[in-house]
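Reviewing the structure listed below.
Listed below in structure tokens is the structure:
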């Protein structure tokens, strides 16, 4: 299992969020999630200017096995999307916590970050999932 970066927060559904400190947050799926999905072949991202709600589907990742909704861990307005994923969805498989990010939101409720799982809690969740 790969290292889980200490600056991330997680949803139980395997999405991560990194607070950027400027009222924005970057969102992606965990390394564990990409491993479960297998080779990604398509990513459907929200549009810039779209509103996303915490806990609601905001994107879709599709592998040869299945399509999965990606839920936004936080509410806000999409200010940036990772356009490179259109041509190279496998970037998520290769670097889930880095270049494989999905989109950036301008947070409308920054306190939502406090409700998410810390890296240790997420690691524990994964450990328990494996048994």
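Numbering (UniProt numbering), first residue to last: 1 to 131.
Where is the CB? At the ideal position from N, CA and C, for every residue including glycine.
Within 8 Å, strictly: CB atoms of residue i and residue j
i: residue 82; j: residue 40; result: no
i: residue 27; j: residue 105; result: yes
i: residue 119; j: residue 8; result: yes
i: residue 91; j: residue 85; result: yes
i: residue 74; j: residue 123; result: no
i: residue 117; j: residue 125; result: yes
i: residue 47; j: residue 110; result: no
i: residue 66; j: residue 107; result: no
Minimum Cβ-Cβ distance from residue i to chain C less than 8 Å
i: residue 84; result: Looking at the structure shown, chain C is missing, and only one protein chain is on hand.
Which residues DSSP lists as bridging residue i, in chain order
i: residue 62; result: 42, 67
i: residue 51; result: 77
i: residue 101; result: None; residue 101 has no bridge partner.
i: residue 19; result: 25
i: residue 107; result: 76
i: residue 9; result: 17
i: residue 57; result: 71
Endpoints, beta strand (DSSP E) assigned at residue i
i: residue 27; result: 24-29
Residue interval of the alpha helix (DSSP H) (run including residue i)
i: residue 151; result: Lying before the first or after the last residue shown, residue 151 is absent from the chain, which here runs from 1 to 131.
i: residue 93; result: 91-94
With three or more C-beta pairs closer than 8 Å as the rule, is the region 31-46 touching the region 64-71? yes
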